[in-house]
Structure formats: C-alpha cells, structure tokens
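Asks: Each residue of the sequence shown is one higher than the last, beginning at 29 in our numbering.
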Amino acid sequence: MQPDIERALKPAAPPLLRGRNDLARHFIISAALQMLSEQEVTFAIGEFKELMDRGMGGSGYSFIDLTADMAGVELAILLSDEDTALATQDALAKAASEDLYMPPITGLTEGLSKQQFIERYEAVDSEAYLSEVEQIRQRLAQMPLYQRL
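#1: In angstroms, rounded to a whole number, what distance separates the CA positions of Q144 and T116?
#2: Pick from M98, A41, I57 and Y89: whose alpha carbon is nearest that of R148?
#3: Could you tell me the alpha carbon to alpha carbon distance between P196 and R167, rounded to whole angstroms?
#4: Note the first and the last residue of the continuous alpha helix (DSSP H) segment covering Q117.
#5: Thinking C-alpha only, which one of R165, Y157 and I73 is nearest L140?
#6: Taking buried to mean at least 16 other C-beta atoms within 10 Å of its own C-beta, is S58 buried or exposed?
#7: Might you give, ordered along the chain, the residues of its own chain that have their beta carbon closer than 6 Å to the beta carbon of D97, omitting 5 neighbours on each side?
#8: Mapping the DSSP letters down to three states, classify E160 as helix, strand or coil.
#9: Going by CA-CA distance only, name the one from S108, Q175 and L136 that's closest to V161.
#10: Identify every residue that forms a DSSP beta bridge with R48.
#11: Looking at the strands, I want to know which residues DSSP matches up with L140.
#12: Closest by CA to A52, which one among M130, K142 and D118?
#13: Under 6 Å Cβ to Cβ from L128, same chain only, skipping five residues before and after it: list those, please.
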C-alpha cells in the first residue's frame, strides 16, 4: 500500500541543530552509520566527507560539522548498548534542548578551503589537526549524557 503523499504528515520546519539544518543531517547520518558499523569507520566517513568539502564547490572543511558527526556517533553508541539504551531514551524524552546531546560549537573552525586546510593542518594525522579533534572529544566528554550515564 502506497501512502497518500498529500495526506502524509510533514514537519512544520526542517530539523535544526544549533540552528543549522546541515548539522542535523551530520548528526543523524553519523548516528545511523554507527548503528550499522564500527565507530572508527563512522568517524573516518565523517572525516572523509569534510575533506571532500574542501574542494571546489564544497562548503569547506568544518570542525563544526565534525562535532555533529562525533556527537551522533556517541548518541548511537549509548542507544545501541543494552546497559545504557533505556536510560538514554528516558533522558532524551525529558530533554529540554539539544544541549543534552550536542556540545557547544563556539570557537570551532569551518569553511576551510583545501589550501587553507593544508596551510593550517597539512594532513589529518598532523599534531595541529589531532589537537582540534581532541578538543571536540573533550567537549563531548564534558557532557553528562556522554559520560555513559
């Protein structure tokens, strides 16, 4: 049976995270990928997507997008672990805002072209780049939800 597209419920507004639709997409896609794969693979996919964004026509490399990717992965881990799934669902049901699962994005760099990325970080295994990623991990680790309930 095909649903009647005209009668289907549609959201009043697109989903937003920190006021941005692109962050909501990063978060949800990373959470879904995590449910289907291993954490390292999901992180690598998010990182690869950001590297592709540096090129012509892309939005540029964004540590803000990477933060949404990483937060989505963390939430998926909690929701797929039988020891934390119910408590996480309960916390989400009671959440007053996205502050429960999405860390602050202030001060994170975004919009870097390929050239700017290379000048600043050289590569994803450079100390400077890994330091930026570690700052995101620290933001996530400071959030009560991601302290494994």
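Glycine residues also receive a C-beta, built at the ideal position from the N, C-alpha and C atoms.
Replies: The answer reads as follows:
#1: C-alpha separation (whole angstroms): 39 Å.
#2: It is Y89.
#3: As displayed, the chain neither begins before 29 nor continues past 177, which places residue 196 out of reach and without an answer.
#4: For Q117, the enclosing alpha helix (DSSP H) has its first and last residue at A113 to K122.
#5: The residue among R165, Y157 and I73 with its C-alpha nearest the C-alpha of L140 is Y157.
#6: By the C-beta density criterion, S58 is buried, having at least 16 other C-beta atoms within 10 angstroms.
#7: These residues qualify, in order along the chain: H54, S58 and G74.
#8: In this structure, E160 counts as helix in the three-state DSSP scheme.
#9: Nearest C-alpha to V161: L136.
#10: Bridge partners of R48: L45.
#11: Paired residues: Y89.
#12: For the residues M130, K142 and D118, the minimum Cα distance to A52 belongs to M130.
#13: Closer than 6 Å at Cβ, skipping near neighbours: L173.
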